[in-house]
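Okay, structure first, notes after.
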Amino acid sequence: MSRRIALILIHLLGCLLFLSLPYLFAENGFAKLAELPTNPHERRNLLSYGLTITFFYVNYYYLIPRLFFGRHYGLYAVSVVGSFLLVQTTLSIVNQQAGSPPRFDGAVRPMPPPDGHRGGPPPVSADGAAPPPGTAAPWPKARAQPPGLPSEINHTFFLFLAGLLLSLAIRINNRWRETERERIQTELRYLKAQINPHFLFNTLNSIYSLAIEQSPSTADAVVQLSSFLRYVITEGRQDRVALSHELAYIGHYIALQRLRMVDTVQVSYQAPTAVNGYQIAPLLLISFIENAFKYGVSPQEPSRIDVRIELATGGRLHLHVANQKVRVADPTAVGSGIGLSNTQARLQLLYPGRHELVIRDEPDTFAVELEMNLL
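Numbering (full-length UniProt numbering), first residue to last: 1 to 375.
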């Protein structure tokens, strides 16, 4: 079922529920529907609920987007008041056509005897006997009339106000959610735009090192770089990519780094192979691995870099990255700290409440433990 069809069904069910409110709480329940052909008050009551639904959608789809969000508050207030007067006028016309309740016409009618019989034939009771002296015969009970005009106006105003406030609340909440979603997407695009040059900067440094050493692996490194750029340009712009593609991207990056490694550096990389069906935000894990190679590699000092990625049942991914510190970070260097800080910001935006990041920055080692739920 598409989202549009589901939304239409939700609206239809909501309208039916709203129309059934007067019968859900009535004494006779839905049996009062049988009175619609003969009871003008019931018809007017049902019509007031229907007009409230009509105003709800007019306000939701037209008045609020064009006038309220357009900051034409005066015109919006006039439109709301005019809509209420139109609803009330329509209901008044229906009342007149159905016959309004009897009103006082100015005719003077005799008052009931205050204390018993005064002239004329004595009143009799139901069994034919005259009432006792000093008492008056009971007057017939007046027939119940439908609610008068003030009561119906109050009822209409309450329904109209409910439709007004509900449509405003839903529309404002939807607008806030759309604005928040656009803000997050804009921030993510900005962070990605920073991460991509940061990655390119580090990779070009690696290839530059190979070229300086006149390594025969330079050509292979350029081919690897082209595949990286293809991934960044095509899949890096998407919201989610296959986890297998992201792991292949990380594997190519580590293979490129190994081309320029010396014997003093030991690199351990483990990654799962059965990852079909899982997706992840692109370029999310690479910053932690880049950081390990940036500060954990030196031709003069022995070092070790460990990268381990595990995938548990239920889509629970664990990333472990650890390296020995053989370089001191230069805070004035171009791109220093961009990768890690941006990745942490992306994690907060993309996986709120679904990840746990622990960074252990010790004098000799640097380690990252990331747990995240991909589902």
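Ideal placement from N, C-alpha and C gives every residue a C-beta, glycine not left out.
Three-state secondary structure assigned by DSSP to residue i
{"i": "residue 358", "result": "strand"}
{"i": "residue 235", "result": "coil"}
{"i": "residue 333", "result": "Low confidence applies to residue 333: its pLDDT is 43, below 50, so where it sits in the model is not reliable enough to give any reading."}
{"i": "residue 397", "result": "The structure shown does not extend to residue 397, since the chain is modelled only from 1 through 375, so no value can be given for it."}
{"i": "residue 323", "result": "strand"}
{"i": "residue 214", "result": "coil"}
{"i": "residue 274", "result": "coil"}
{"i": "residue 264", "result": "coil"}
{"i": "residue 368", "result": "strand"}
{"i": "residue 300", "result": "coil"}
{"i": "residue 177", "result": "helix"}
{"i": "residue 154", "result": "helix"}
{"i": "residue 316", "result": "strand"}
C-beta contact flag for residue i and residue j at 8 Å
{"i": "residue 247", "j": "residue 267", "result": "no"}
{"i": "residue 370", "j": "residue 357", "result": "yes"}
{"i": "residue 324", "j": "residue 365", "result": "yes"}
{"i": "residue 374", "j": "residue 250", "result": "no"}
{"i": "residue 346", "j": "residue 284", "result": "yes"}
{"i": "residue 303", "j": "residue 273", "result": "no"}
{"i": "residue 207", "j": "residue 225", "result": "yes"}
{"i": "residue 229", "j": "residue 221", "result": "no"}
{"i": "residue 60", "j": "residue 167", "result": "yes"}
{"i": "residue 227", "j": "residue 245", "result": "no"}
For residue j and residue i, the rounded distance between their alpha carbons
{"i": "residue 64", "j": "residue 75", "result": "11 Å"}
{"i": "residue 308", "j": "residue 289", "result": "10 Å"}
{"i": "residue 313", "j": "residue 83", "result": "57 Å"}
{"i": "residue 278", "j": "residue 343", "result": "20 Å"}
{"i": "residue 56", "j": "residue 237", "result": "40 Å"}
{"i": "residue 73", "j": "residue 67", "result": "7 Å"}
{"i": "residue 94", "j": "residue 70", "result": "35 Å"}
{"i": "residue 49", "j": "residue 182", "result": "36 Å"}
{"i": "residue 17", "j": "residue 89", "result": "25 Å"}
{"i": "residue 154", "j": "residue 161", "result": "10 Å"}
{"i": "residue 177", "j": "residue 2", "result": "21 Å"}
{"i": "residue 44", "j": "residue 19", "result": "13 Å"}
{"i": "residue 201", "j": "residue 306", "result": "23 Å"}
{"i": "residue 179", "j": "residue 326", "result": "45 Å"}
{"i": "residue 184", "j": "residue 219", "result": "40 Å"}
{"i": "residue 156", "j": "residue 40", "result": "15 Å"}
{"i": "residue 295", "j": "residue 258", "result": "15 Å"}
{"i": "residue 318", "j": "residue 81", "result": "59 Å"}
{"i": "residue 372", "j": "residue 15", "result": "41 Å"}
{"i": "residue 320", "j": "residue 367", "result": "7 Å"}
{"i": "residue 240", "j": "residue 316", "result": "16 Å"}
{"i": "residue 5", "j": "residue 46", "result": "27 Å"}
{"i": "residue 232", "j": "residue 341", "result": "19 Å"}
{"i": "residue 408", "j": "residue 322", "result": "For residue 408 there is no data in the structure shown, the boundaries of the chain being 1 and 375."}
{"i": "residue 298", "j": "residue 223", "result": "25 Å"}
Per-residue burial, residue i [other beta carbons within 10 Å of its own, 16 or more giving buried]
{"i": "residue 203", "result": "buried"}
{"i": "residue 286", "result": "buried"}
{"i": "residue 77", "result": "exposed"}
{"i": "residue 9", "result": "exposed"}
{"i": "residue 173", "result": "exposed"}
{"i": "residue 13", "result": "exposed"}
{"i": "residue 310", "result": "exposed"}
{"i": "residue 361", "result": "exposed"}
{"i": "residue 291", "result": "buried"}
{"i": "residue 282", "result": "buried"}
{"i": "residue 243", "result": "buried"}
Residue closest to residue i, alpha-carbon to alpha-carbon, out of the options
{"i": "residue 92", "options": "51, 67 and 245", "result": "51"}
{"i": "residue 21", "options": "159, 252 and 292", "result": "159"}
{"i": "residue 58", "options": "164, 244 and 239", "result": "164"}
{"i": "residue 86", "options": "60, 54 and 61", "result": "54"}
{"i": "residue 256", "options": "41, 215, 243 and 15", "result": "215"}
{"i": "residue 254", "options": "270, 367, 340 and 360", "result": "270"}
{"i": "residue 205", "options": "243, 239, 293 and 11", "result": "293"}
{"i": "residue 23", "options": "7, 11, 42 and 6", "result": "42"}
{"i": "residue 11", "options": "234, 261 and 170", "result": "170"}
{"i": "residue 377", "options": "96, 217 and 25", "result": "With the chain running from 1 to 375 in the structure shown, residue 377 is simply not present."}
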